[in-house]
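Notes follow once the structure below has been shown.
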Amino acid sequence: MTVMKTAARAAFVTGTALAASATTLVATILTTATVATVATAAHAQTATTAVPVAVHSRLDDIVKSGTLRACATGDYKPYSYRRPDGQFEGIDVDLVASLAKSLGVKPVIVPTTWKGLMDDFTAGKCDIVVGGVSVTLDRAARAYYSQVVMVDGKSPIVRCADVAKYQTLADLNKPSTRAIANPGGTNERFARQYLPNATLTIYPDNVTIFQQIADGKADVMVTDSSETLLQHKLNPSLCPVNPNKPLQFGEKAYLLPRGDDVFKHYVDQWLNLAQKTGEYQSVVDKWLK
C-alpha cells in the first residue's frame with residue numbers, strides 16, 4: 000500500500016511538472032510570435048513611411064543656376080556656326096534655346112573643338128554637347144547619348160564637274176585623289192580608315208575648308224550628307240555625290256553626362272515632343288531649305 004501511494008505521488012508530481020513545462024513552452028512560443036508580429040508590423044510601417052533618397056541630377060543644377068551650358072564647335076554648318084561677331088547660330092543652337100526654354104533657363108553656348116570636345120565635356124565645362132555630334136562607341140564609353148536626333152551618313156562633296164569621277168570608295172581611294180578633312184572628328188577618322196591610298200590633307204579650318212575644293216586646291220571631302228547639301232546651297236559650284244545613298248551609316252545625337260538618367264530622360268522626352276509636334280522639323284527646314 001505504501002509503495003502504491005508513493006508511486007501515485009511521484010506520478011502526480013511528474014505530471015504537474017510536465018504540465019507546468021508545457022504551459023511555459025506555450026507561453027514562450029506565444030510571446031515570441033507576438034514579438035515577431037509586432038516587429039514585422041513596425042518594420043512595415045517604417046518602410047511605408049520612409050522618405051525616398053533624392054537622386055542628384057545635373058538637371059537640378061541647371062534649374063538652380065538658371066543657365067543651360069551647351070558645348071558646340073561653331074564650325075559646322077548647319078548645326079552650329081560662330082559668326083564673326085561671336086554669336087552662334089544653326090539648327091542645334093535653335094534647339095538648345097528650345098530645351099532651355101522648357102526648363103525656364105537661359106541657353107549659353109560654350110565654344111569647344113572637335114579634338115577637345117570630350118575632354119571639355121567630361122571636365123564639366125558644359126551640361127550638354129550639340130552641333131552635329133556623330134554617335135561613336137568611344138564617345139559612348141565616356142558619356143550618355145540622347146535619343147537619335149538625325150540619321151545621317153558620310154558622302155563626298157566635289158566640284159560639280161567631277162561628280163561622275165567620284166562615285167564609289169574605289170574612285171576616291173586612289174593616289175591621284177586629293178582628299179581633305181578637318182582634324183579631330185569623324186571626317187578625319189573616315190578619311191584615314193577608308194581612303195588610305197588617297198593624298199590626304201588635314202585642313203585646320205572647317206569653315207573655309209570647302210573653298211579649298213572650289214579653288215582647285217583639293218578634289219574631295221567626305222563629310223555628313225546634310226553638310227554637303229548645305230554647302231551646295233551656299234556654293235553652287237560644289238556638288239554632293241549621292242547624298243541619299245551615303246558611303247557609311249551614321250547617326251547624330253546630343254552628349255549628356257554619363258550615369259545621369261534623370262537628365263537623359265528629360266532631354267529624350269523634350270526631343271520626342273519636339274519631333275512629334277513638328278518643332279524639330281521646322282527648325283531643320285529653316286536651315287536646310
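Residues 0 to 288 in numbering that gives the first Met the number 0 are what the sequence shown spells out, letter by letter. Backbone N, C-alpha and C define an ideal beta-carbon position, used for all residues, glycine too. It should be emphasised that the depicted structure is a prediction, and the values quoted were computed from it without experimental measurement.
The alpha helix (DSSP H) enclosing ALA96, as first and last residue numbers:
Its alpha helix (DSSP H) spans residues 90-102.
Throw me the rounded Cβ distance for the SER79 and GLY73 pair, which I believe falls under 8 Å.
5 Å
Apart from the five residues on each side of it in sequence, which residues of its chain come closer than 8 Å, Cβ to Cβ, to CYS159?
PRO235, SER236, LEU237 and CYS238
Could you pull out every residue in the same chain whose Cβ sits closer than 7 Å to the Cβ of THR112, ignoring the five residues on either side in sequence?
Same-chain partners within the cutoff: THR72 and GLY183.
Under a three-way DSSP split, which group does ASP223 fall into?
strand
SER133 versus ALA190: straight-line alpha-carbon distance, rounded
15 Å
For the putative contact between ASP151 and LYS251, defined by C-beta atoms under 8 Å, what is the C-beta separation to the nearest angstrom?
Contact flag correct, Cβ pair sits at about 6 Å.
Verify whether the separation of the beta carbon atoms of LYS63 and SER145 is less than 9 Å.
no
For PRO83, is the classification buried or exposed, using 16 other Cβ atoms within 10 angstroms of its Cβ as the cut-off for buried?
Under this definition PRO83 is an exposed residue.
With VAL266 as the anchor, note down where its alpha helix (DSSP H) starts and where it stops.
Segment 260-276, the alpha helix (DSSP H) holding VAL266.
Are ASP93 and LYS153 closer than 9 Å when you measure CB to CB?
no
Given a cut-off of 9 Å, decide if VAL219 and PRO155 are closer than it, judged by their beta-carbon atoms.
yes
For GLN210, which of helix, strand or coil comes out of DSSP?
helix
My assumption, with CB atoms under 8 Å, is that VAL95 sits in contact with PRO106. Please give the rounded CB distance.
5 Å
What does TYR80 pair with, by DSSP beta-bridge criteria?
Answer by DSSP bridge pairing, in chain order: ASP74 and GLU88.
Pop quiz: ILE208 and ASN181 are said to be a contact at Cβ under 8 Å. What is the actual Cβ separation, rounded to whole angstroms?
ASN181 and ILE208 do touch by the CB rule: their CB atoms are close to 6 Å apart, below 8 Å.
How many Å lie between TYR279 and VAL129 at the Cα?
14 Å
Classify PRO242 as buried or exposed, calling it buried when 16 or more other Cβ atoms lie within 10 Å of its own Cβ.
buried
Residues near ILE289 in its chain [Cβ-Cβ closer than 7 Å; skip 5 each side]:
Outside the displayed span of the chain (0 to 288) sits residue 289, for which this structure offers no information.
For ALA249, does the count of other Cβ atoms within 10 angstroms reach 16, so buried, or fall short, so exposed?
The sequence as given places Gly at residue 249; Ala does not occur at that position. Buried is the call here.
Enumerated in chain order, which unbroken segments of the beta strand (DSSP E) with a length of 3 residues or greater are wholly contained in the region 99-187?
Correct list: 105-110, 153-158 and 177-180.
In its own chain, which residues sit with a C-beta less than 8 Å from the C-beta of ALA178, not counting the 5 before and 5 after it?
Excluding residues within five positions, the ones whose Cβ falls inside 8 Å are LEU171, ALA190, LEU194, ALA197, THR198, LEU199, THR200, ALA217, ASP218, VAL219, MET220 and VAL221.
Neighbourhood of VAL54 by C-beta, 7 Å cutoff - its chain only, sequence neighbours within 5 removed:
Excluding the 5 residues flanking it on each side, VAL54 has same chain C-beta neighbours closer than 7 Å at VAL261, in chain order.
Report the option in VAL266, LEU270, ASN271 and LEU272 whose CA atom is closest to the CA atom of SER56.
VAL266
Start and end of the beta strand (DSSP E) containing LEU237?
237-239
In chain order, what residues of the same chain lie with their CB nearer than 8 Å to the CB of THR45, ignoring the 5 residues before and after it?
For THR45, the predicted model reports a pLDDT of 47, less than 50, meaning its position is unreliable; a value from the coordinates is still stated below. If we look at THR45 and ignore the five residues flanking it on each side, it has no Cβ neighbours.
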